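Position in the first sequence counted from 1, then plus 120, gives you this note's numbering. Where is the CB? At the ideal position from N, CA and C, for every residue including glycine. This structure is a prediction, so every number in the text was calculated from the model and none was measured. To start, the structure under review is shown below, and the notes come after it.
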Amino acid sequence: MPSLFELPTPRAARALLGATLVHGRVAGTIVETEAYAAEDDPACHACNRRTARTEVFWGEGGLAYVYLCYGLHWCLNVVAHPKGRGGVVLLRAAMPVSGLDEMRRRRGRDDPPERVASGPARLTQAFGVSGVLNGADLRRGEFRIEPPVRRPGRIAAGPRIGITKAVGLLYRYWIEGHPAVSK
DNA sequence: CAATAGATCATCT
DNA sequence: GATGATCTATTGC
Numbered sequence: 121m122p123s124l125f126e127l128p129t130p131r132a133a134r135a136l137l138g139a140t141l142v143h144g145r146v147a148g149t150i151v152e153t154e155a156y157a158a159e160d161d162p163a164c165h166a167c168n169r170r171t172a173r174t175e176v177f178w179g180e181g182g183l184a185y186v187y188l189c190y191g192l193h194w195c196l197n198v199v200a201h202p203k204g205r206g207g208v209v210l211l212r213a214a215m216p217v218s219g220l221d222e223m224r225r226r227r228g229r230d231d232p233p234e235r236v237a238s239g240p241a242r243l244t245q246a247f248g249v250s251g252v253l254n255g256a257d258l259r260r261g262e263f264r265i266e267p268p269v270r271r272p273g274r275i276a277a278g279p280r281i282g283i284t285k286a287v288g289l290l291y292r293y294w295i296e297g298h299p300a301v302s303k
């Protein structure tokens, strides 16, 4: 029985819906993800470019890949792929379970719960995630992901957001009808 | 309400 | 020197 983080990346992305992201006192349910495969996926940072930064794509499942986007936003990914391959899952949105005040304080604004972590960069802001957590082991510790305890609702799929390549791949997944899914 | 500009930097060419 | 897996504020209808 392979762990959640050893599934093919698109399946791992779906399996992470309904999981809980925890960082200390703050926790939330993951409601939206995207898959980025290292092979055969031109939109992926690691496609044909195995460099120092992307090395973790082929690393142990469950490790964090955190990178800076557009010079000011952090994005949080989890390494997930069958052994011998490479790929990560981008965490795009979460619904707060605890620590809502902390999230609002970090964001510096009084967002409603379903919007405070609705978007890749909002999520990292609300959860206090930045580059120093790159490479962290999300399977254990203060900063971790707990597998879903129940099946989430119906899962929808669509094209990924904000990319210019491989637009035809339906690698974005979300819990259908969930208010915290990004716009 | 929809469209767009600007912020800002690690990483790679 | 170019390039983004984004967000927000502001402008223009």
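* **Per DSSP, cross-strand counterpart(s) of ALA328** => The chain is shown from 121 up to 303; residue 328 falls before or after that span and cannot be answered.
* Asked: Beta-carbon separation of MET223 and ALA246 under 7 angstroms?
  -> To locate residue 223, count along the first sequence from 1; it is residue 103. To locate residue 246, count along the first sequence from 1; it is residue 126. Yes, Cβ-Cβ distance for MET223 and ALA246 is below 7 angstroms.
* Between the C-alpha atoms of VAL146 and PHE125, what's the straight-line distance to the nearest angstrom? -> Working through the first sequence from its first residue, we reach residue 146 at position 26. Working through the first sequence from its first residue, we reach residue 125 at position 5. Going from the Cα of VAL146 to the Cα of PHE125 covers about 22 angstroms.
* Pick from HIS165, GLY297, GLU180: whose alpha carbon is nearest that of SER123? -> Within the first sequence, numbered from 1, the residue matching residue 123 stands at position 3. If you compare the alpha carbons of HIS165, GLY297, GLU180 with that of SER123, the shortest gap goes to GLU180.
* **Touching by the beta-carbon criterion (3+ pairs, under 8 angstroms), the region 139 to 158 and the region 284 to 302** => Between the region 139 to 158 and the region 284 to 302 there are three or more C-beta pairs closer than 8 angstroms, enough to call the two in contact.
* Span of the beta strand (DSSP E), counted from its first residue to its last, around GLU175 -> Start at 1 with the first residue of the first sequence, and residue 175 comes out as number 55. Counting along the chain, GLU175 sits inside no beta strand (DSSP E), nor does DSSP assign it H or E at all.
* HIS193 versus GLY297: straight-line alpha-carbon distance, rounded -> Working through the first sequence from its first residue, we reach residue 193 at position 73. Working through the first sequence from its first residue, we reach residue 297 at position 177. In a straight line, the C-alpha of HIS193 is about 26 angstroms away from that of GLY297.
* Please confirm whether VAL186 and GLY251 have their CB atoms less than 7 angstroms apart. => As a first step, residue 186 must be located in the first sequence, where it is residue number 66. As a first step, residue 251 must be located in the first sequence, where it is residue number 131. With respect to the 7 angstroms criterion, VAL186 and GLY251 are classified as neighbours on the basis of their beta carbons.
* Which whole runs of the beta strand (DSSP E) in the region 210 to 275 are 3 residues long or more, in chain order? -> Counting only runs of 3 or more residues that sit fully inside the region 210 to 275, the beta strand (DSSP E) segments are 263 to 266, in chain order.
* From ALA184 to GLY206, what distance separates their C-alpha atoms? -> Counted from its first residue, the first sequence places residue 184 at position 64. Counted from its first residue, the first sequence places residue 206 at position 86. Their Cα atoms are separated by approximately 13 angstroms.
* Asked: Which class does ALA184 belong to by DSSP, given the choice of helix, strand or coil?
  -> Locating residue 184 in the first sequence gives position 64, counting from the first residue. If DSSP states are grouped into helix, strand and coil, ALA184 belongs with the strands.
* To do: For LEU253, collect the residues of the same chain with a Cβ closer than 7 angstroms to its Cβ; drop the 5 residues on either side in sequence, then sort them by chain order.
  => Counting from 1 along the first sequence, the entry for residue 253 is found at position 133. Closer than 7 angstroms at the Cβ level, and outside the excluded window around LEU253, lie ALA184, VAL186, PHE263.
* Any 3 or more C-beta pairs closer than 8 angstroms across the region 268 to 276 and the region 130 to 139 -> The region 268 to 276 is in contact with the region 130 to 139.
* To do: Could you pull out every residue in the same chain whose Cβ sits closer than 6 angstroms to the Cβ of GLY144, ignoring the five residues on either side in sequence?
  => Counting from one through the first sequence, the residue named residue 144 turns up at place 24. Excluding sequence positions up to five before and after GLY144, its CB lies within less than 6 angstroms of the CB of GLU262, all in the same chain and listed in chain order.
* Can you give the Cα-Cα distance for ILE196 and ARG212, rounded to whole angstroms? -> Here residue 196 is taken as the residue at index 76 of the first sequence, counted from 1. Here residue 212 is taken as the residue at index 92 of the first sequence, counted from 1. The sequence given here places Leu at residue 196; Ile does not occur at that position. The alpha-carbon atoms of LEU196 and ARG212 are separated by roughly 8 angstroms.
* Asked: Between the C-alpha atoms of GLY191 and ALA241, what's the straight-line distance to the nearest angstrom?
  -> Mapped onto the first sequence, residue 191 falls at position 71. Mapped onto the first sequence, residue 241 falls at position 121. So the alpha carbons of these two residues sit roughly 12 angstroms apart.
* To do: Assign PRO232 to buried or exposed, taking buried as 16 or more other Cβ atoms, counted over all protein chains shown, within 10 Å of its Cβ.
  => Position 112 of the first sequence, counted from the start, is the residue given in the question as residue 232. With fewer than 16 other Cβ atoms within 10 Å, it is exposed.
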